[in-house]
Structures are given as structure tokens and as C-alpha cells.
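A short worksheet on the structure shown next.
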Amino acid sequence: MRAQRKRLLPQEVGLGPERGRRGEGLRRTEVAALAYVSVTLYTWLEQGRDFPVSAVALNAVANALRLDESGRAYLMTLRARDPQPPPKVQDVGPALRALIERHTLGPAYVMTRRWDIIMWNALLTEVFGVLDVAPWGAYNALWWVFAAERARTLYPGWLEMARRIVAQFRLDAMQHAGHDDFDELVERLRERSPEFAALWQRDDAVQLRSEGHIEVVDNAGERRRYATLTLVPQNSESLRAVFFFPVPEGA
């Protein structure tokens with residue numbers, strides 16, 4: 001891969017000449033951009049690291065490097081390692097269900113590792129509005145942020161919030177690389193949202209914190225500030241429960 005990258009000229013892939021450019025061929029960042037994958041993923045491939053990777057990503061890298069049939073076949077052998085299956089969507093247990101339903105201080109919901117929202121309380125729709133159904137029939141938090149017009153008016157700092165949420169999702173996606181459900185979500189979002197496609201190219205990584213703060217504009221047009229708490233049920237590690245608590249003015 002490194003040899004092929006060094007053989008390619010910027011002009012061959014549509015990149016203009018750059019003054020002061022050192023070395024021959026393309027940079028790793030340029031190949032990653034052409035393949036619509038993260039720099040980290042491409043670097044790990046070139047370094048020969050053992051990690052699960054999707055066929056979609058490998059095909060994109062092969063196209064970016066303009067590999068011949070033998071080179072493409074070799075690259076696809078990197079998918080030979082079967083990743084562990086993604087966690088199955090578990091039914092919300094009675095204790096967690098009761099906790100969500102009885103949380104009356106703010107929105108609350110339960111989502112899977114792919115960020116499909118499978119349960120929520122009444123206050124979530126009161127503050128966030130009706131959730132849009134993703135093309136595959138689920139309510140997905142990431143899809144809603146980028147595909148729903150309501151999301152852009154809900155968050156005063158939508159772009160910064162979107163950057164953080166993509167960086168957080170990247171960590172989950174890396175843990176489940178090679179699984180079709182994650183790959184499908186990323187590909188659909190790339191096609192639907194130029195903002196997501198641009199943010200996905202970045203190499204940001206933000207650890208999902210158990211506590212945080214968020215400011216939203218509710219359906220009535222009023223600004224609300226919330227402290228958020230994210231919990232992972234002990235016997236349902238494929239799920240996350242997120243609770244919103246109002247922050248008093250001046251706090």
C-alpha cells in the first residue's frame with residue numbers, strides 16, 4: 001500500500017500541484033480523504049495492524065490507490081478476520097423501563113450501541129419534537145441530528161454539537177468495524193448529509209462522558225439548559241440510558 005501510494009501523483013487523482021511539497025506520491029491524509037475513511041483507519045491498514053474493517057472501507061481504499069486486481073484481492077484478505085457480532089438489541093428491563101417512564105425532570109431515553117433509540121419518556125417529544133424514522137425503520141439519534149430540520153433549530157450551536165456527536169460515534173463504530181449495520185448507517189449519512197461526510201473525514205475522537213451539559217431550544221422557542229447523565233445497565237451493556245436534568249438559571 002505504501003509503495004502504491006508513493007507511485008501515485010497528485011495530478012493523477014485530481015489534486016493540484018502544491019508548492020514546497022516534500023517527497024513523492026500522495027500523503028496518507030490525501031488517500032484517506034479520497035477513500036472517505038479516517039486517517040487513523042488508513043494508517044492502520046498501511047501499517048498492517050490486525051483490526052476488523054468493513055468491505056466498504058477496503059473497496060474505497062482500493063479505488064483511491066487505484067489498485068489492480070491482485071492488489072485489490074490482497075487488500076480484501078484483511079477482512080478475513082471475522083469480527084465479533086454486534087450486541088443484539090435487548091429488551092429494556094422492567095426496572096430501567098420504570099426509571100425512564102417516571103423521570104419527569106427532563107427528557108430520558110434508551111439507545112443501542114448504534115444509537116437507535118428504542119424507548120423514551122413523554123418529555124423527550126415535548127422538548128425535542130417528534131423523532132424522524134430513519135430509512136431502515138428505526139429511530140436513530142445520529143440520523144436525526146443530520147437529517148431532521150428540527151435538530152438544527154433545537155441546538156443553538158448545532159455544528160459544534162454535531163462535531164462532538166460524530167467524534168463520539170466514531171469510537172462506537174471502531175469497536176464494531178466490519179458490521180453491516182454500522183456501515184449502512186455511515187454510508188447513508190454520507191449520502192444524505194454533506195456536513196456528516198465532512199465531519200466523518202476528520203480524525204476527531206471525543207470520549208463519551210457519563211455527565212455533561214447541553215442547551216436546547218424547545219418547541220415553544222424557549223432556551224433550556226440541562227445536565228445529562230448517561231448510564232450503562234449492568235446486565236445490558238449494549239444499551240445506554242440518557243437522562244436530562246434541568247439546570248437552574250444562573251447556575
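In the UniProt record's numbering, the protein residues as written are 1 to 251. Beta carbons are placed, not taken as given, at the ideal position from N, Cα and C, and that holds for glycine. Note that the structure is a prediction, hence the values are computed from the model and not measured.
Reduced DSSP secondary structure (H/G/I, E/B, other) of residue i
i	result
M1	coil
G137	coil
V92	coil
G71	helix
T104	coil
D181	helix
D116	strand
R188	helix
E24	coil
A220	coil
Y155	coil
P83	A caution first: P83 carries a pLDDT of 47, below 50, which makes its placement in the model unreliable, though a value can still be read off. Looking at P83 - three-state DSSP - the assignment turns out to be coil, as it is neither helix nor strand.
E160	helix
T42	Note that residue 42 is Tyr in the sequence shown, not Thr. Y42: helix per DSSP, three-state reduction.
L231	strand
E249	coil
R49	coil
V110	strand
Selected residue, minimal CA-CA separation from residue i, among the options
i	options	result
Q11	R150, I118 and E24	E24
Y226	A241, P248, S238 and Q234	P248
R224	R7, F244 and L34	F244
G129	A55, L34, L159 and V217	V217
L41	T112, G137 and R170	R170
A220	V186, R150, Q201 and H213	R150
I118	G212, D181, D91 and V166	D91
W200	H213, G157 and L142	L142
G137	A197, D116, E187 and W120	D116
P156	D172, F182 and E222	E222
Outcome for residue i when other beta-carbon atoms lying within 10 angstroms are tallied against a minimum of 16
i	result
L154	buried
S54	buried
A3	exposed
R152	exposed
residue 252	What is shown of the chain runs 1 to 251, which leaves residue 252 out entirely.
N63	exposed
H103	buried
N235	exposed
V232	exposed
Delimiting residues of the alpha helix (DSSP H) encompassing residue i
i	result
A197	P194 to Q201
A57	A55 to L65
A241	Run containing A241: none in the alpha helix (DSSP H); it sits in the beta strand (DSSP E), L239 to P246.
V13	Here V13 belongs to no alpha helix (DSSP H), and DSSP marks it neither H nor E.
L124	A122 to F128
Proximity test, residue i beta-carbon vs the ligand ATP heavy atom, cut-off 7 Å
i	result
A33	As far as ligands go, the structure on display features none, and thus does not contain the ligand ATP.
_Assess contact between the segment 101-114 and the segment 123-131, defined as three or more Cβ pairs (one per stretch) separated by less than 8 Å. Is contact present?_
Contact between the segment 101-114 and the segment 123-131 is present, because at least three Cβ pairs lie under 8 Å.
_Does the segment 191-199 come into contact with the segment 140-149, if we say contact requires no fewer than three beta-carbon pairs (one atom in each stretch) closer than 8 Å?_
Yes, the segment 191-199 is in contact with the segment 140-149.
*Would you say the segment 28-37 touches the segment 93-100, given that touching needs at least three Cβ pairs under 8 Å?*
At 8 Å Cβ cutoff, the stretches do not touch.
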